[in-house]
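Q: Just so you know, my numbering puts 932 at position 43 of the sequence shown, and the rest follows in order with no gaps. Note that beta-carbon positions come from the ideal geometry of N, C-alpha and C, so glycine has one too. None of the values given here were measured: they were computed from a predicted structure.
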Amino acid sequence: MTGRIEKLQQEFDIDVHWTAFPLHPETPEDGQSLEDLFAGRPINIPEMLTHLRNTAQQLGLPFGDRQMTFNSRRAQELGKWAENFGRGDAFHKAVFKAYFAHGLNIAADTVLMDLARSVDLDPQEARTVIEQGQYRDAVDRDWQRSRLMGITAVPTFVMNRQRLVGAQTYQDLARFIGSEI
């Protein structure tokens, strides 16, 4: 990824806490085409994807040719689990890349086990975490917190109850943090 967040952490001595957000929680685990997701809404999907791709390119973020969306709930649960081992940031980045750059189904067991392995976590333990729903409540609490904070999009950066929505440049993030310290 770009290292923007890591640079901000060093410059401003801040801690970053990931909060799970229910972005299209109704999406089936086997995925849904973007065309079906946005059916009946006045959204030009090719134009939207071009805009997202250009923004990602400007920010140095990976973004592939996505035509599907996938349910992120199980990946969020594993993200909470990974945080307990100091691997949360690495896992979240791996999920981002798998989803946005490679278009992988981040609800699929094989993908999730590979992502766990890629950040030095035990894939069999990850499978158990998902099967037993060990972090379901933690994700539910995050979703509730997101609703209470009025968050409606990702990413949303929150500091001192102030929000900055959308993918941001390093300079914009630094200004936001500087104004809130």
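Can you give the Cα-Cα distance for ARG930 and THR916, rounded to whole angstroms?
A: Reading the sequence shown from its first residue, position 41 is the one you call residue 930. Reading the sequence shown from its first residue, position 27 is the one you call residue 916. Roughly 16 Å separates the two Cα atoms.
Q: Checking the sheet assignment: what are the DSSP bridge partners for MET957?
A: If you number the sequence shown from 1, residue 957 lands on position 68. SER922, per the DSSP bridge assignment.
Q: Roughly how many angstroms lie between the CA atoms of ARG1034 and GLY953, to the nearest whole one?
A: Here residue 1034 refers to the residue found at position 145 when the sequence shown is read from its first residue. Here residue 953 refers to the residue found at position 64 when the sequence shown is read from its first residue. ARG1034 and GLY953: Cα-Cα distance of roughly 31 Å.
Q: Less than 8 Å between C-beta atoms, sequence neighbours within five positions excluded: which residues of the same chain meet that for VAL1028?
A: Stepping through the sequence shown from its first residue, residue 1028 is reached at position 139. Closer than 8 Å at Cβ, skipping near neighbours: ALA909, ARG962, GLN965, GLU966, LYS969.
Q: Quick one: Cα of VAL1008 to Cα of GLY892, how far?
A: Counting from 1 along the sequence shown, the entry for residue 1008 is found at position 119. Counting from 1 along the sequence shown, the entry for residue 892 is found at position 3. Those two C-alpha atoms are separated by around 17 Å.
Q: Below 8 Å on the Cβ atoms is my guess for MET957 versus GLY992; work out the distance and round it to an integer in Å.
A: Reading the sequence shown from its first residue, position 68 is the one you call residue 957. Reading the sequence shown from its first residue, position 103 is the one you call residue 992. At roughly 6 Å, the Cβ-Cβ gap stays under 8 Å, so MET957 and GLY992 are in contact.
Q: GLN1051: which of ARG1064, ALA990, GLU924 sits nearest, CA to CA?
A: As a working note, residue 1051 is residue 162 in the sequence shown. For GLN1051, the nearest C-alpha among the options comes from ARG1064.
Q: Any heavy atom of the ligand NAP closer than 7 Å to the CB of ALA983?
A: Absence of the ligand NAP from the depicted structure is noted, as is the absence of any ligand whatsoever, leaving it without description.
Q: What number of angstroms, rounded off, separates the C-alpha of PRO935 from the C-alpha of LEU941?
A: Translated into positions along the sequence shown, residue 935 becomes position 46. Translated into positions along the sequence shown, residue 941 becomes position 52. One C-alpha to the other measures close to 10 Å.
Q: In whole angstroms, what is the alpha-carbon distance linking GLY1055 and GLN946?
A: Mapped onto the sequence shown, residue 1055 falls at position 166. Mapped onto the sequence shown, residue 946 falls at position 57. Going by the C-alpha atoms only, they are around 14 Å apart.
Q: Would you give the residue range spanned by the alpha helix (DSSP H) that ARG1052 belongs to?
A: Translated into positions along the sequence shown, residue 1052 becomes position 163. ARG1052 -> not in any alpha helix (DSSP H); beta strand (DSSP E) instead, spanning 1051-1054.
Q: Taking Cβ positions only, does GLN947 come closer than 8 Å to chain C?
A: Given the protein chain composition of this structure (a single chain), no chain C is represented.
Q: What is the rounded straight-line gap between the Cα of TRP907 and the Cα of TRP1032?
A: Position 18 of the sequence shown, counted from the start, is the residue given in the question as residue 907. Position 143 of the sequence shown, counted from the start, is the residue given in the question as residue 1032. When rounded, the distance between both Cα atoms is 12 Å.
Q: Looking at the secondary structure, which residues open and close the beta strand (DSSP E) in which PHE952 lies?
A: In the sequence shown, the residue the question calls residue 952 occupies position 63. Run containing PHE952: none; DSSP gives neither H nor E here.
Q: From ALA983, TYR988, GLN921, THR1045, pick the residue whose C-alpha is nearest to that of LEU1004; which is it?
A: Counting from one through the sequence shown, the residue named residue 1004 turns up at place 115. Checked all of ALA983, TYR988, GLN921, THR1045; the closest Cα to LEU1004 is ALA983.
Q: Which first and last residues belong to the alpha helix (DSSP H) in which VAL1018 is found?
A: In the sequence shown, residue 1018 corresponds to position 129, counting from 1. Segment 1012-1021, the alpha helix (DSSP H) holding VAL1018.
Q: Between which residues of its own chain and LEU912 is the CB-CB distance below 6 Å, once the five residues before and five after are set aside?
A: Translated into positions along the sequence shown, residue 912 becomes position 23. If we look at LEU912 and ignore the five residues flanking it on each side, its Cβ neighbours are VAL1043.
Q: Counting C-beta neighbours from all protein chains within 10 Å, is the total for MET937 16 or more, i.e. buried, or is it exposed?
A: In the sequence shown, counting from the first residue as 1, residue 937 sits at position 48. Flag for MET937 reads exposed.
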